[in-house]
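Residue numbers (our numbering): 374 to 449. Where a beta carbon is used, it is the ideal one built from N, C-alpha and C, also for glycine. Below you'll find the structure, written out as structure tokens, and then a few comments.
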């Protein structure tokens, strides 16, 4: 699984011609064969973290969520 933290990349500080973006997420692609997890900022004005995942089966979701919570606790 690939884990990527996009919270500090700076996309929210870029003026795209209409002011600050409200919402930033990776574009979907046809390469959903790699299980991945992205840490993103939530849409403004919300606080916290948005977690975007691909290829996580429902049967694996409880264990995956538990591991992500452990990972997040280590970051704090």
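Practice item. Tell me whether residue 434 sits in a helix, a strand or coil according to DSSP, three-state version. Key: Residue state, collapsed to three classes: helix.
Review point. What residue from 427, 397, 377 has the CA that sits closest to residue 386's CA?
Key: 397
**Study point:** Residues sharing a beta bridge with residue 451, DSSP
**Key:** Look at the range of the chain in this structure, 374 to 449, and you will see that residue 451 is not part of it.
Check your understanding: Would the beta-carbon of residue 428 fall within 8 Å of that of residue 446?
Key -> No, they are not a contact pair.
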